[in-house]
Amino acid sequence: MIEGLLIGLTAAFSFTNLGMVIAGCLIGTFIGMLPGLGPMSIIAIMIPVAITIGDPSAALILLAGVYYGAIFGGSTSSILLNAPGVAGTVATSFDGYPMARKGMAGKALTVAAISSFAGGSIGALLLMVFAPMLSTVALLFHSAEYFALMVVGLSAIAAFAGTGNVAKAILMTLLGLIMATVGEGALFNLPRFTMGLMDLQSGFSFITLAMAMFALPEAIFLVLNPARSAGSDGGGKITNLRISRKEARAIAPVIGRQSIQGFFIGVLPGAGATIASFLGYAVERNIATKEEQAEFGHGSVKGLAAPETANNAACTGSFVPLLTLGIPGSGTTAILLGALIALNVTPGPRLMIDEPQIFWTVIISMYIGNLVLLVLNLPLIPYIAKVLAIPRNYLIPFILFFTLMGSYIGQNNATELLILVGFGVCATILRFADYPLAPLLIGFILGRMLEDNFSRSMQLYDGISFILERPMTLGLLVIAGLLVVVPSYRAYRARARQKGVADGD
Amino acid sequence: MALDRWIALIILGITLAYGYAAFFTMDHSLPPFMQRNPIWPSTFPKALSVMAMVASLVILLGLEKSSGEDKSPDIDYRRLGDYNLGQALMLLGLMVAYALLLRPAGFLFSTFGFLSLGAIILGERKLHLLLPITACATGVVWYLVEVVLGIFLRPWPFFI
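These protein sequences, in sequence, are chains A and B.
Residue 27 is where the first sequence starts when you use my numbering, and the numbers rise one by one after that.
Residue 52 is where the second sequence starts when you use my numbering, and the numbers rise one by one after that.
Below, the structure written as structure tokens:
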């Protein structure tokens with residue numbers, strides 16, 4: 027581990043990589059602050075840039091920096107405007123915005139920055155400990171287990187979609203998997219489902235799909251409903267960034283608890299920053315004393331520190347399955363996985379053995395990224411917040427233009443732009459009907475790998491018998507089944523019970 | 052019928068067509084030596100199509116009830132007319148036009164046109180500010196992409 031750390035330190039402190047972290051954090055904060063643009067859209071827009079850089083470590087560092095920056099920027103707009111740019115920072119606005127209303131915007135931003143910093147850094151520390159352990163275990167996995175593990179990941183994502191949405195999330199995942207089968211597969215050199223179109227020979231491009239699923243619907247929603255981008259008075263009065271000793275003492279235990287809790291929630295597939303932040307907020311409110319509880323929701327420092335710490339720790343935690351198993355647990359890490367594959371890097375347990383410099387550089391740059399956010403971005407916030415005052419007449423055409431450019435630069439093909447618009451319209455309609463879009467993208471990105479591993483196991487065992495012959499595979503598939511069935515069954519039971527009560531009365 | 056069930060119906064149609072291709076047409080072109088394999092190119096699609104059909108039927112028939120908590124959606128599609136639908140459609144049309152014109156008209160003209168028209172559609176009327184800003188932005192983006200990232204974008208129309 028020490029050797030790896032040294033490799034990471036040397037690489038991360040190179041001039042280019044330091045520049046990448048700083049640039050990534052700044053760009054992320056800048057765009058993340060804009061209402062409506064989440065980290066997924068921002069990373070999708072940045073991918074062509076990252077791919078042109080060519081060096082996988084530098085590219086991943088840039089994208090990870092953008093990710094942190096976006097979360098931090100999201101907290102800023104939650105605090106200043108009560109307009110969270112990112113779902114993961116909705117809980118931040120519960121106490122952050124009341125604090126800003128009381129004229130303590132500067133203090134709230136500092137608390138948010140310190141909690142993010144601590145959450146991210148402790149998360150990175152835990153990642154350093156757990157990722158090598160997990161990848162040692164993962165080295166024992168065969169293609170059958172990988173197949174089963176991906177099924178678990180996909181069903182967990184569907185299971186976390188919430189009551190009443192499980193079927194929709196499953197359908198979206200399956201649709202993503204179906205879209206992944208279009209084009210020429212790796213195992214069979216046969217074009218499938220191309221309908222004779224040359225443009226589909228190599229399948230759909232994942233950047234186009236990512237843009238169409240996240241950036242474009244977001245922009246269309248901004249156009250449809252001007253209230254979403256309201257609040258151009260931002261960034262006027264941010265003064266006094268200091269916090270008192272008493273406040274620091276109050277938030278320290280919160281930060282400690284939430285870093286650990288957030289990290290482990292982030293590791294779970296499908297959970298991620300949003301759940302971590304809400305859960306963090308709820309837990310801290312429940313264990314607080316009576317008088318502190320009354321303060322929650324009215325500008326409590328603890329209520330602000332809890333979700334901020336948890337969401338940053340969860341972001342770091344979500345890198346664990348990505349880097350050790352090569353399986354993304356969230357939409358954002360799925361996009362990162364797509365970017366890595368485009369850069370010819372296969373994340374998974376062998377990453378640490380074959381390309382330790384990538385693994386360790388990314389981890390070290392997580393620390394640097396958090397430091398950059400605290401030292402560089404926090405003092406700059408009053409200036410960066412000016413971006414909130416950009417009129418939407420200018421903002422929206424530029425967002426649309428960057429979406430188009432992102433997909434064009436990747437492919438150099440104008441047909442791709444038409445596909446982008448078509449899928450973007452479909453995705454917007456799906457969002458109207460409350461269909462979750464992240465599972466579709468995750469299914470799409472995992473589709474190839476899922477099928478390859480499935481095919482390999484089928485060939486090795488000459489049929490489907492591998493499921494029964496390998497206990498771990500069977501166990502994982504059972505877990506996957508339970509993940510899908512149990513929430514639906516519990517919802518059904520709860521409904522039946524409710525009905526019974528109503529009839530009895 | 053609510054929108055989500057209509058969508059489930061459409062997806063059901065897509066998966067039926069996909070499943071038909073996987074079950075009945077794909078295997079004809081399979082070379083004989085591949086037919087001995089335990090797995091065919093159509094195996095995985097077959098499984099997917101069946102599962103997707105089941106999932107879309109569950110939604111279509113309303114077997115999974117929602118939890119009852121009323122989430123207020125960002126945009127209520129039933130009142131789509133109350134929003135700036137015209138602007139959104141015009142911007143989408145503009146994106147299609149951009150896709151078709153990017154090659155023949157060159158990057159600089161089409162981008163300048165896209166950004167300016169986009170802002171005008173959204174209601175920007177201060178052209179003396181808008182046009183210089185979009186022109187500068189176009190130039191900066193072209194410089195970044197062409198020179199810094201090293202990706203070729205044809206700057207001028209095809210006849211220059």
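Think of the CB as a built atom: it goes at the ideal place given N, C-alpha and C, for glycine as much as any other residue.
Beta-bridge partners of residue 209 of chain A, as assigned by DSSP = Bridge partners of residue 209 of chain A: A:218.
So residue 162 of chain B packs on residue 427 of chain A, CB below 8 Å; how close in whole Å?
-> Rounded, the Cβ-Cβ distance is 7 Å, consistent with contact.
Does DSSP classify residue 80 of chain A as helix, strand or coil?
-> If DSSP states are grouped into helix, strand and coil, residue 80 of chain A belongs with coil.
Beta-carbon proximity of residue 139 of chain B to residue 249 of chain A, cut-off 7 Å | Yes, they are a contact pair.
Buried or exposed: residue 127 of chain A, going by 16 or more other Cβ atoms within 10 Å of its Cβ?
-> So residue 127 of chain A ends up on the exposed side.
Rounded distance between the beta-carbons of residue 469 of chain A and residue 201 of chain A, thought under 8 Å = Your pair residue 201 of chain A and residue 469 of chain A checks out as a contact, with CB atoms roughly 7 Å apart and the cut at 8 Å.
Residue 142 of chain B classed as buried or exposed, judged by whether at least 16 other C-beta atoms fall within 10 angstroms | With 16 or more Cβ atoms within 10 Å of its Cβ, residue 142 of chain B is classed as buried.
DSSP three-state call for residue 128 of chain A: helix, strand or coil?
-> Reduced to three states, the DSSP call for residue 128 of chain A is coil.
Whole alpha helix (DSSP H) elements within the stretch 379-442 of chain A, 4-residue minimum = Listed in chain order, the complete alpha helix (DSSP H) runs (minimum 4 residues) inside the stretch 379-442 of chain A are 382-398, 404-410 and 418-437.
Option nearest residue 344 of chain A by Cα separation, candidates A:295, A:309, A:370 and A:392 | It is A:295 whose Cα lies nearest to the Cα of residue 344 of chain A.
Which whole-angstrom value describes the C-beta separation of residue 119 of chain A and residue 104 of chain A, a residue pair presumed to lie in contact below a C-beta threshold of 8 Å?
-> The pair is a contact, with the Cβ atoms about 4 Å apart (cut-off 8 Å).
Residue span of the alpha helix (DSSP H) that contains residue 43 of chain A, given as start and end | It spans 41-58 - the alpha helix (DSSP H) in which residue 43 of chain A sits, taken as one unbroken run.
When we look at the beta-carbon of residue 227 of chain A and count the other beta-carbons within 10 Å, is it buried (16 or more) or exposed?
-> Using a 10 angstroms sphere on the CB of residue 227 of chain A, the tally of other CB atoms stays under 16, which defines it as exposed.
For residue 356 of chain A, which of helix, strand or coil comes out of DSSP?
-> Under the three-state reduction of DSSP, residue 356 of chain A is assigned to coil, being neither helix nor strand.
Beta carbon proximity, residue 171 of chain A to chain B, threshold 7 Å | It does not: the Cβ of residue 171 of chain A has no partner Cβ on chain B nearer than 7 Å.
Candidates A:98, A:78, A:68 and A:242: which alpha carbon is nearest residue 398 of chain A's?
-> That would be A:98, whose Cα lies nearest to the Cα of residue 398 of chain A.
Check the Cβ of residue 134 of chain B against every Cβ in chain A and list those closer than 8 Å, keeping chain order.
-> Contact note: residue 134 of chain B reaches chain A through 250 and 251, using a C-beta cutoff of 8 Å and chain order.
Which same chain residues, not among the five before or five after residue 120 of chain B, have their C-beta less than 8 Å away from its C-beta?
-> Bear in mind that a pLDDT of 48 at residue 120 of chain B, under 50, signals an unreliable position, so the number given afterwards is only what the model happens to contain. Excluding sequence neighbours, residue 120 of chain B sits near nothing in its chain.
Assign residue 55 of chain B to one of two classes, buried (16 or more other C-beta atoms within 10 Å of its C-beta) or exposed (fewer than that).
-> The residue is buried, with at least 16 neighbouring Cβ atoms inside 10 Å.
CB contact below 7 Å: residue 164 of chain B versus chain A | It does not; no Cβ of chain A falls within 7 Å.
Contacts around residue 336 of chain A, its chain only, beta-carbon distance under 6 Å, and the 5 residues preceding and following it disregarded | Contacts found: 284, 288, 302, 303 and 306.
Residues of chain B with CB under 7 Å from residue 419 of chain A, in chain order?
-> Ordered by position in chain B, the residues that pass the 7 Å Cβ test against residue 419 of chain A are 170, 173, 174 and 175.
Contact set between residue 206 of chain B and chain A, taken where Cβ atoms lie within less than 9 Å | In chain order: nothing, as chain A lies at least about 14 Å away.
Name, please, each residue of chain A whose Cβ falls closer than 7 Å to the Cβ of residue 107 of chain B.
-> For residue 107 of chain B, the chain A residues whose C-beta falls within less than 7 Å of its own C-beta are 197, listed in chain order.
Taking any Cβ of chain A, which residues in the stretch 55-81 of chain B have a Cβ under 9 Å from it, in chain order?
-> Listed in sequence order: 55, 56, 57, 58, 59, 62, 65, 66, 69, 72, 73, 77, 80 and 81.
How many angstroms separate the CA atom of residue 291 of chain A from the CA atom of residue 339 of chain A?
-> One C-alpha to the other measures close to 9 Å.
So the alpha helix (DSSP H) residue 281 of chain A belongs to, where does it begin and stop?
-> According to the DSSP assignment, residue 281 of chain A belongs to the alpha helix (DSSP H) that extends over 271-293.
Residues near residue 260 of chain A by beta carbon distance below 7 Å, same chain, minus five either side | Reliability fails at residue 260 of chain A, whose pLDDT of 46 lies under 50, so the model's placement of it is uncertain and the value that follows must be treated cautiously. For residue 260 of chain A, where only same-chain residues beyond five positions count, the Cβ hits under 7 Å are 106, 107, 411, 414 and 415.
Taking a Cβ distance cut-off of 7 Å, strictly less, list which residues of the stretch 494-525 of chain A are near chain B, in chain order.
-> So the list reads 514, 517 and 521, given in the order they occur along the chain.
How many Å lie between residue 168 of chain A and residue 489 of chain A at the Cα?
-> A direct Cα-to-Cα measurement between residue 168 of chain A and residue 489 of chain A gives close to 16 Å.
How big is the Cα-Cα spacing for residue 76 of chain B and residue 70 of chain B?
-> Between the alpha carbons of residue 76 of chain B and residue 70 of chain B lies a gap of roughly 10 Å.
Between the C-alpha atoms of residue 31 of chain A and residue 377 of chain A, what's the straight-line distance to the nearest angstrom?
-> Those two C-alpha atoms are separated by around 15 Å.
Residues of chain A with CB under 8 Å from residue 194 of chain B, in chain order?
-> Within chain A, no C-beta atom comes nearer than 8 Å to that of residue 194 of chain B; the closest sits roughly 13 Å away.
For residue 228 of chain A, does the three-state DSSP call read helix, strand or coil?
-> If DSSP states are grouped into helix, strand and coil, residue 228 of chain A belongs with coil.
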